[in-house]
């Protein structure tokens with residue numbers, strides 16, 4: 188299977204600027220770039236799909252460059268609904284430093300910052316040397332611009348296309364870059380850059396996009412209750428990523444395996460067969476979670492996640508560390524325990540039960556566990572000795588409702 192055949196089988200080529208590009212992709216040797224603006228201090232799993240394409244191209248003999256938009260990030264690309272909130276220069280510089288370190292560690296790509304060549308261009312030169320090559324009617328016809336015309340678009344946002352095109356031109360002239368790769372929402376900006384290079388130099392360059400990765404209902408992949416799954420494990424733990432991936436929709440898991448892993452066609456076909464014949468085994472989901480967590484955080488972290496998952500399933504959580512408990516129960520309701528407390532009072536004061544009567548019913552029916560121990564005696568006192576790592580009291584009500592108590596230092 189050629190590189191292009193593999194990319195098409197994986198469903199990660201949407202638009203391609205020229206049929207000639209297919210042969211060039213299969214031959215290797217292209218310098219290409221992928222860009223991201225420093226809107227945050229970490230990439231998220233939505234970025235990962237595009238960056239993994241870049242890794243596939245690198246392994247096929249192409250040279251990747253990552254562009255971080257120190258200039259374009261100060262402007263903000265047009266969103267479909269409204270203008271982006273501008274970040275301070277200090278925030279942008281801090282995000283650039285963290286993104287650069289993250290990308291170099293994960294992918295080993297060369298990183299450039301478009302602020303380096305944009306900061307010295309004055310307004311008159313910008314209009315004379317670049318603006319005159321852009322027909323306004325041509326710009327208005329681009330999808331992202333057209334969608335914003337009804338609600339209004341600022342001149343700043345409108346100029347973003349020119350700035351991104353300038354990046355492609357600069358990388359072509361200074362780094363021999365002849366290909367831009369991006370998500371499908373960037374197609375208009377890519378083709379604008381191709382046109383600028385053709386008008387300025389008479390040369391042909393290329394671009395292709397991949398579809399945006401979504402869930403079954405069209406929601407952006409990796410968005411959970413409004414929060415992104417970050418690649419920085421200090422922002423999103425390996426356990427959170429594992430749990431998200433292990434629970435993706437059955438209908439989508441094979442598509443995600445194609446995009447987010449380097450498993451072969453034969454391996455993915457076998458997992459697809461298992462998913463169809465024995466969905467309860469969740470072999471495809473486990474493979475997806477394993478491959479992504481190991482790629483991002485390493486095999487030791489993956490094994491730690493498995494130990495945490497087994498501890499939660501078995502109820503044997505006493506040996507977990509404070510860090511593991513925080514990862515495991517991130518987002519569950521929290522309470523503070525002040526001194527030794529009767530179990531019934533603890534359940535009421537911690538908002539675990541609505542009343543003492545309800546608390547007694549849960550205890551006597553064997554529905555309450557404290558730090559892994561089932562409590563059935565309503566007279567039982569909960570003390571610091573019940574805390575895990577001398578810090579946390581984990582209460583489970585029923586089979587799935589968890590509460591995290593913090594022992595107050597008094």
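Numbering (this note's numbering), first residue to last: 188 to 597. Glycine included, every Cβ here is placed at the ideal spot set by N, Cα and C.
What did DSSP end up calling residue 231 once you bin it into helix, strand or coil?
-> Numbered from its first residue, the chain shown carries residue 231 at position 44. For residue 231, the secondary structure class from DSSP, reduced to helix, strand or coil, is strand.
Just grab the DSSP bridge partners of residue 250 for me.
-> As a working note, residue 250 is residue 63 in the chain shown. Within the DSSP secondary-structure output, residue 250 pairs in a beta bridge with 218.
Do you know offhand how far residue 556's Cα is from residue 523's?
-> As a first step, residue 556 is located in the chain shown; it is residue number 369 there, counting from the start. As a first step, residue 523 is located in the chain shown; it is residue number 336 there, counting from the start. Each residue's Cα considered, the two are about 17 Å apart.
Would you call the CB atoms of residue 584 and residue 554 closer than 8 Å?
-> Working through the chain shown from its first residue, we reach residue 584 at position 397. Working through the chain shown from its first residue, we reach residue 554 at position 367. Contact: yes.
Shortest alpha-carbon distance to residue 295 belongs to which of 561, 242, 311, 573?
-> As a first step, residue 295 is located in the chain shown; it is residue number 108 there, counting from the start. Comparing alpha-carbon positions, the option among 561, 242, 311, 573 lying closest to residue 295 turns out to be 242.
Going by beta carbon distance, what residues of the same chain come within less than 6 Å of residue 476, once the five residues before and after it are set aside?
-> Mapped onto the chain shown, residue 476 falls at position 289. 429, 432, 433, listed in sequence order.
Rounded to whole angstroms, what's the CA-CA distance from residue 528 to residue 568? Just pull it up for me.
-> As a first step, residue 528 is located in the chain shown; it is residue number 341 there, counting from the start. As a first step, residue 568 is located in the chain shown; it is residue number 381 there, counting from the start. Taking the CA atoms as reference points, residue 528 sits about 6 Å from residue 568.
Is the segment 371-385 close to the segment 394-410, with three or more CB pairs under 8 Å?
-> The segment 371-385, when compared against the segment 394-410, does touch it at the 8 Å Cβ threshold.
Is the beta carbon of residue 378 less than 8 Å from the beta carbon of residue 237?
-> By one-based count along the chain shown, residue 378 stands at place 191. By one-based count along the chain shown, residue 237 stands at place 50. With contacts defined as CB atoms closer than 8 Å, residue 378 and residue 237 fail to qualify as a contacting pair.
Examine the Cβ distances between the segment 529-541 and the segment 439-456 and report whether three or more of them are shorter than 8 Å.
-> Touching, no.
Cβ shell of residue 353 (< 6 Å), same chain only, five flanking positions each side left out = Your numbering for residue 353 matches position 166 in the chain shown. Non-local beta-carbon contacts of residue 353 in its own chain, meaning distances under 6 Å to residues more than five positions away in sequence, involve 317 in chain order.
How long is the line joining the alpha carbons of residue 576 and residue 291, rounded to whole angstroms?
-> If you number the chain shown from 1, residue 576 lands on position 389. If you number the chain shown from 1, residue 291 lands on position 104. Rounded to whole angstroms, the separation of the alpha carbons of residue 291 and residue 576 is 36 Å.
Closest Cα partner of residue 479 within the set 341, 590, 425 = Residue numbering aside, residue 479 sits at position 292 when the chain shown is read from its first letter. Cα-wise, what sits closest to residue 479 is 425.
Kindly confirm or deny that the segment 337-345 and the segment 190-205 touch, where touching means at least three C-beta pairs closer than 8 Å.
-> When C-beta atoms of the segment 337-345 are compared with those of the segment 190-205, fewer than three pairs fall below 8 Å, so the two segments do not count as touching.
Leaving out the 5 sequence neighbours to the left and right, which residues in its chain are closer than 6 Å to residue 363 when beta-carbon positions are compared?
-> Looking up residue 363 in the chain shown gives position 176. By the criterion of a C-beta distance shorter than 6 Å, residue 363 is surrounded in its chain by 218, once the five residues flanking it on both sides are discounted.
How is the alpha helix (DSSP H) around residue 644 delimited, first residue to last?
-> Residue 644 cannot be examined here, being either before or after the span of the chain that is shown, 188 to 597.
Look up residue 201 in the DSSP assignment and say whether it is helix, strand or coil.
-> Start at 1 with the first residue of the chain shown, and residue 201 comes out as number 14. Residue 201 carries a coil assignment under DSSP once its states are collapsed to helix, strand and coil.
Grouping DSSP H, G and I as helix and E and B as strand, with all else coil, what is residue 306?
-> Residue 306 sits at position 119 when you count from the first residue of the chain shown. Three-state DSSP puts residue 306 in coil, outside helix and strand.
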